[in-house]
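Below is one structure, written out as structure tokens; comments come after it.
Numbering (our numbering), first residue to last: 1 to 78.
So this is what it looks like as structure tokens:
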């Protein structure tokens, strides 16, 4: 969702999650984040980052972390 400027088709997000998790769990994740206000569903069936995502998450750092495959930031040598 972040890589698509905060908006992505719900079916596509669920398809990607189903590749990594069981179907029931992928659907549960999406519903949980909708209920908690992290994402909302627009009239076109797209998932959109909602107020809570924008307020509580540093989206730039999260995107850098995901794209960097979770590698921690290098620490300077003493």
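C-beta: ideal position from N, C-alpha, C; glycine also.
- For residue 27, the closest alpha carbon among the candidates 14, 6, 50, 43 is that of 14.
- Annotation for residue 30: 10, 13, 14, 17, 39, 47 place their beta carbon closer than 8 Å to its own, counting only its chain and skipping 5 residues before and after.
- For residue 9, the enclosing beta strand (DSSP E) stretches over residues 7-9.
- Comparing alpha-carbon positions, the option among 21, 22, 23, 51 lying closest to residue 35 turns out to be 51.
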